[in-house]
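The structure appears below as structure tokens.
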Amino acid sequence: MVLNRSTMMPTIAREVCGQSHSVRLIEDLLNGNHNLLVRPVHDTSTTTNVTVELQIHQIVELNLKEQYLSIIVYFNFAWYDELLSWIPEDYGGVQKLHLKNSQIWIPDILPYNSVESGQAANRILADTNTIVASTGRVTWMTMALLKTSCNVDVANYPFDTQTCKIKFGSWTFNNEEMSLRCSSNEAGMHNLVANGEWDILSATCTNNSVSYPCCEEEYDDVTLTMVIKRKPMFYIYNLMFPGALLIMMGMLVFLLPSESGEKASLAMTTLLAMTVFMQIIMAHIPASSNVIPLLDQFFGLAMIMLTFSTMMSVLLIRLHFRGKRGRTPPSWVRELVKGLAKVTCMSPKLQYNDIPQKRRPQLYHLDNQIEMNHKQDTPTKSPNGIASSLLSAQLKYIINELDASKKAKEDDAVLQEEWNTVTATLDHLSLVAFVIVVFISSIFVFWPAMEGQ
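For the sequence shown, this note's numbering gives the first residue as -7, with consecutive numbering after it.
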């Protein structure tokens, strides 16, 4: 491309001329009489009207433990500076200027509920340039990463909806000196960056005039009210789902036989795991005695049921070993278990009768035969008869001992079977009660929150 000197010179001349007009205009406007601490009005009784447009860019964090909201907000302030107006024709048609905000008067707008301190509190709004029009209208587009207090309500955590308010206003100018108003009742969200944990349901801007105990005058402020709703999927998958699995493991405790030593171990392990989950939750929510969070209610219910499971496991193991010690179930226990078996639709195979007297027929036959031989040999008194009689007596003694030993084993087996039936019935009843209580309690805990989703 060939550059033509005849076409370049007028262009350069116009640029130089335009720059010189802007420089001269800035020098004329920002002369020594321009005081940044004085409101830009000719008559001090005139009110400086400041409007602000709010744009929400991103929710960075809502810290439940510390109860503060971190958010990025774009501001578009506008007001008229009577000392910064000019006639464009006098300055080569210059219609606007870009000036540093430190060169002109700007309103001292601060968030009232900021939790920042020190230098961070003094530098909340970004140091961006202003746009000054020939009419004196000043536009200041800036942004801020705000960290403001937010009173959180964790009653429905993790299905909670929070309302956070950010209050902006002048720290020194009352509403007779400076009026502050929202340009729109709704905060813009055109460039909103989605947050992985929260959805913004609404964001409104309201105007207020408030008097404070320190001062007689009223002060204007604008309040950004945000209603945000938590996305609960993370907590459902990482906390509630494992908790539900632990509850199911607690149910499995009642399916293990009482003679199993792992019955109590499984119950204690699930209870310990649930305690760990409770500690994880408490590390992320504020310590409050006013309300119990929904998730805490769920895990509290789970801990109660798992404690019940552990206690029942210990009790049933103890009842199981009563049979090994030869103790007979009391009659009232037998009747109670019969009734519970009917209530829980359980049909125990064992019939609670007296311990049967069972003996093997061949032992009876051999015993009777020895008895008859003894009676026949008694009158003879022969040596052979005496020896036979002694042998018969010894055999009879041995048979009686064997019969007694077998009968004792059979009685112990029947007795143990009775206790096994008692523990099995109580296990079944505990399982049914466990399932019913968990199901009904879960509905009462979660239904109000789920209904509002």
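From the three backbone atoms N, C-alpha and C, an ideal C-beta is built for every residue, glycine too.
Handout entry: Local conformation of L448 per DSSP, three classes
Key = What is shown of the chain runs -7 to 445, which leaves residue 448 out entirely.
Handout entry: Nearest neighbour of N166, chosen from V429, I391 and V42 [CA to CA]
Key = Locating residue 166 in the sequence shown gives position 174, where the first residue counts as 1. The shortest C-alpha separation from N166 is found at V42.
Exercise for the section: Helix, strand or coil for Y229, going by three-state DSSP, please let me know. Expected result: Taking the first residue of the sequence shown as position 1, residue 229 is located at position 237. Note: Y229 maps to helix in three-state DSSP.
Practice task
To the nearest angstrom, report how far apart F160 and V44 are at their CA atoms.
Solution key: Along the sequence shown, one-based indexing puts residue 160 at 168. Along the sequence shown, one-based indexing puts residue 44 at 52. Those two C-alpha atoms are separated by around 10 Å.
Exercise for the section: Check the C-beta distance from E209 over to V202 and give it rounded, since I have them as a contact under 8 Å. Expected result: Taking the first residue of the sequence shown as position 1, residue 209 is located at position 217. Taking the first residue of the sequence shown as position 1, residue 202 is located at position 210. Not really, about 10 Å apart at Cβ, beyond 8 Å.
Handout entry: Whole-Å CB distance - F526 paired with W132, under 8 Å assumed
Key = Only positions -7 to 445 of the chain appear in the structure, and residue 526 is not among them; the question remains open.
Practice task
Out of E58, L89 and V30, state which residue places its alpha-carbon closest to the alpha-carbon of E19.
Solution key: On the sequence shown, position 27 is the one that residue 19 refers to. Nearest of E58, L89 and V30 to E19, Cα basis: L89.
Exercise for the section: May I have the straight-line CA-CA distance separating V15 from L46, to the nearest angstrom? Expected result: Against the sequence shown, residue 15 aligns to sequence position 23. Against the sequence shown, residue 46 aligns to sequence position 54. When rounded, the distance between both Cα atoms is 32 Å.
Practice task
Report yes if the C-beta distance between L28 and Q95 is below 9 Å; otherwise report no.
Solution key: For the purposes of this step, residue 28 is identified with residue 36 of the sequence shown, where counting begins at 1. For the purposes of this step, residue 95 is identified with residue 103 of the sequence shown, where counting begins at 1. Against a cut-off of 9 Å, the Cβ pair of Q95 and L28 comes out as a contact.
Problem - Beta carbon proximity, K157 to chain D, threshold 9 Å - result: Absent from the structure: chain D. Only one protein chain is present.
Problem - Identity of the residues DSSP links to G180 by a beta bridge - result: The count along the sequence shown starts at 1 and reaches residue 180 at position 188. Per DSSP, Q47.
Problem - Collapsed DSSP secondary structure at Y204 in the structure displayed - result: Here the question's residue 204 lines up with position 212 in the sequence shown. If DSSP states are grouped into helix, strand and coil, Y204 belongs with coil.
Exercise for the section: State the CB to CB distance for the pair S175 and D212, rounded to an integer number of angstroms; the pair is presumed to be in contact (CB under 8 Å). Expected result: Numbered from 1 along the sequence shown, position 183 holds the residue referred to as residue 175. Numbered from 1 along the sequence shown, position 220 holds the residue referred to as residue 212. Not really, about 14 Å apart at Cβ, beyond 8 Å.
Practice task
Taking L263 and L231 to be in contact with their CB atoms under 8 Å, please state how far apart those CB atoms are, rounded to whole angstroms.
Solution key: Taking the first residue of the sequence shown as 1, we reach residue 263 at position 271. Taking the first residue of the sequence shown as 1, we reach residue 231 at position 239. About 17 Å separates the two Cβ atoms, so there is no contact after all.
Practice task
For T134, I'd like the list of residues in its chain whose CB is within less than 6 Å of its CB, leaving aside the five on either flank, ordered along the chain.
Solution key: Here residue 134 refers to the residue found at position 142 when the sequence shown is read from its first residue. Apart from sequence neighbours up to five positions away, the residues of its chain that approach T134 with a beta-carbon distance below 6 Å are F67, L117, A118 and T120, ordered along the chain.
Exercise for the section: Quick one: using the 10 Å Cβ neighbour count with 16 as the cut-off for buried, is T302 buried or exposed? Expected result: Taking the first residue of the sequence shown as 1, we reach residue 302 at position 310. Counting Cβ neighbours within 10 Å, T302 comes out buried, since at least 16 surround it.
Handout entry: Beta carbon of S126 nearer than 9 Å to that of W78
Key = Numbered from its first residue, the sequence shown carries residue 126 at position 134. Numbered from its first residue, the sequence shown carries residue 78 at position 86. For S126 and W78, yes; Cβs fall inside 9 Å.
Problem - G242 versus N177 - alpha carbon distance - result: On the sequence shown, position 250 is the one that residue 242 refers to. On the sequence shown, position 185 is the one that residue 177 refers to. So the alpha carbons of these two residues sit roughly 53 Å apart.
Problem - Own chain partners of V283 with C-beta closer than 6 Å, once the 5 adjacent residues on each side are dropped - result: Position 291 of the sequence shown, counted from the first residue, corresponds to residue 283. A147.
Problem - Q271, enclosing alpha helix (DSSP H) - first and last residue - result: Position 279 of the sequence shown holds residue 271. Its alpha helix (DSSP H) spans residues E254 to M274.
Problem - CB of K139 within 9 Å of CB of L61, strictly - result: Here residue 139 is taken as the residue at index 147 of the sequence shown, counted from 1. Here residue 61 is taken as the residue at index 69 of the sequence shown, counted from 1. Contact: yes.
Exercise for the section: Grab me the residues of L54's own chain with a C-beta within less than 6 Å of its C-beta, minus the 5 sequence neighbours each way, in chain order. Expected result: What you label residue 54 is simply residue 62 of the sequence shown in a count that begins at 1. So the list reads L61, once near-sequence residues are dropped.
Practice task
Check F160 in the structure and name its three-state DSSP category.
Solution key: Taking the first residue of the sequence shown as 1, we reach residue 160 at position 168. Here F160 sits in strand by DSSP.
Handout entry: CB of Q50 within 9 Å of CB of N187, strictly
Key = As a position in the sequence shown, residue 50 is number 58, starting the count at 1. As a position in the sequence shown, residue 187 is number 195, starting the count at 1. For Q50 and N187, yes; Cβs fall inside 9 Å.
Exercise for the section: Using beta-carbon positions only, say whether R222 and Q289 come within less than 9 Å of one another. Expected result: Here residue 222 refers to the residue found at position 230 when the sequence shown is read from its first residue. Here residue 289 refers to the residue found at position 297 when the sequence shown is read from its first residue. No, these two residues do not count as a Cβ contact at 9 Å.
Exercise for the section: Might you give, ordered along the chain, the residues of its own chain that have their beta carbon closer than 7 Å to the beta carbon of S305, omitting 5 neighbours on each side? Expected result: Position 313 of the sequence shown, counting from 1, holds the residue named residue 305. The residues are V245, K255, A256 and A259.
Practice task
Just mark T415 as buried or exposed, buried being the case when its beta carbon has 16 or more other beta carbons within 10 Å.
Solution key: Stepping through the sequence shown from its first residue, residue 415 is reached at position 423. Buried, because 16 or more other Cβ atoms sit within 10 Å of the Cβ of T415.
Handout entry: Extent of the continuous beta strand (DSSP E) to which T131 belongs
Key = Translated into positions along the sequence shown, residue 131 becomes position 139. DSSP places T131 in the uninterrupted beta strand (DSSP E) bounded by R129 to S141.
Handout entry: Environment of G331 [buried if 16+ CB atoms lie within 10 Å]
Key = Translated into positions along the sequence shown, residue 331 becomes position 339. Exposed, since its Cβ has fewer than 16 Cβ neighbours within 10 Å.
Practice task
Out of N392, M181 and P103, point me to the one whose CA is closest to V214's CA.
Solution key: The sequence position of residue 214 within the sequence shown is 222, counting from 1. For V214, the closest C-alpha among the options N392, M181 and P103 is that of P103.
Problem - For A179 and L216, believed in contact at Cβ under 8 Å, the rounded distance - result: Sequence index remark: in the sequence shown, residue 216 carries index 224 (1-based). Sequence index remark: in the sequence shown, residue 179 carries index 187 (1-based). So it is a contact: roughly 6 Å between Cβ atoms.
Practice task
Tell me where the beta strand (DSSP E) around P103 begins and ends.
Solution key: Locating residue 103 in the sequence shown gives position 111, counting from the first residue. I101 to P103 is the span of the beta strand (DSSP E), which, as asked, contains P103.
Exercise for the section: Measure the Cβ-Cβ separation of V65 and I98 and say whether it is below 9 Å. Expected result: Sequence index remark: in the sequence shown, residue 65 carries index 73 (1-based). Sequence index remark: in the sequence shown, residue 98 carries index 106 (1-based). The answer is no: Cβ separation not under 9 Å.
Problem - Identified DSSP bridge partners for A70 - result: On the sequence shown, residue 70 is found 78 positions in, with the first residue counted as 1. Answer is T43 and T131, bridged to A70.
Problem - Exposure label - T(-1); buried when at least 16 CB within 10 Å - result: The sequence position of residue -1 within the sequence shown is 7, counting from 1. The predicted position of T(-1) is uncertain, since its pLDDT is 41 and thus under 50; a value taken from the coordinates is nonetheless stated next. Result: exposed.
Exercise for the section: Drop a sphere of 10 angstroms on the beta-carbon of T413, count the other beta-carbons inside from all chains shown, and report buried for 16 or more, exposed for fewer. Expected result: Residue mapping note: residue 413 aligns to position 421 of the sequence shown, counting from 1. Burial call: buried.
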